[in-house]
Amino acid sequence: MPRKIKSKEYFRNLNLIYFAQLIAITALAAIAYFLIDQGNLGPANNDLALSFQKAIMVLIPLSLVTGYILFRVFLRGVRPEMPLVYKMKRYFTANLIRSAFLEIPGLFVSVAAMITAHNLFLVIVPLILILFILFRPTKSVIGQELNLSMEERAKLNDPEAIISESLE
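Following our numbering, the numbering of the sequence shown begins with 1265 at its first residue and continues without gaps.
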């Protein structure tokens, strides 16, 4: 039987997952920087670094575009007459997919930095973090992206309103 989820719990879970992804990217980049700075990873591998640079030049735009397209595809199936519970379940899934595709380049460049012992790859991490902050799911952004009515937007702002459900 589906468990009803209140607005307060929905946004807590959404933000918890979102910020956990941010922390994972930041922590891995910090570890990579520390290990490289201390010289614990050995000498720099310039040949492999060049290969990773080429891969990153393809991976980053591909990942960002794929995340955006999949996000839009998931939301395209949401029509205004559908119940809010359905809309919010779809949004949760769409946002998780988009943020995962944002996370991929951030993790990849940190791994590339550790494998090659080059700090230069870590310059990309702050850019990914900025994108995460720009795409952060807020109540107003969700209202716009789902084209919610004023009544539905009011439910998002009411911490006790049932706005979603989970399958358990």
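Note that CB positions come from ideal geometry on N, CA and C, so glycine has one too. Computed from a predicted model, the values in this text were never measured in an experiment.
Using a C-beta cut-off of 8 angstroms, the segment 1299–1318 makes contact with the segment 1374–1389, since at least three inter-stretch Cβ pairs fall below that distance. The Cβ atoms of Gln1285 and Ser1413 lie no closer than 8 angstroms to each other. Using a Cβ distance threshold of 8 angstroms, Ile1269 and Gly1370 do not count as a contacting pair.
DSSP places Glu1345 outside both helix and strand once states are collapsed to three, so it counts as coil. Contact between the segment 1381–1390 and the segment 1399–1412 is not established, with fewer than three Cβ pairs separated by less than 8 angstroms.
Secondary structure of Glu1429 (DSSP, three-state): strand. For Arg1276, the enclosing alpha helix (DSSP H) stretches over residues 1271–1302.
Counting every other CB atom within 10 Å of its CB across the protein chains shown gives Ala1291 a total below 16, marking it as exposed.
Taking every protein chain shown into account, the CB of Lys1353 has 16 or more other CB atoms within 10 angstroms, so this residue is buried. With contacts defined by Cβ atoms closer than 8 angstroms, Lys1351 and Val1342 form a contacting pair. In the DSSP assignment, Phe1385 falls outside any alpha helix (DSSP H) and carries neither an H nor an E. Contact between Ile1427 and Ser1327 is absent: CB atoms are separated by about 30 angstroms, not below the 8 angstroms threshold. DSSP lists Glu1429 as the bridge partner or partners of Lys1268. When the beta-carbon positions are compared, Phe1396 and Ile1361 stay at least 8 angstroms from each other.
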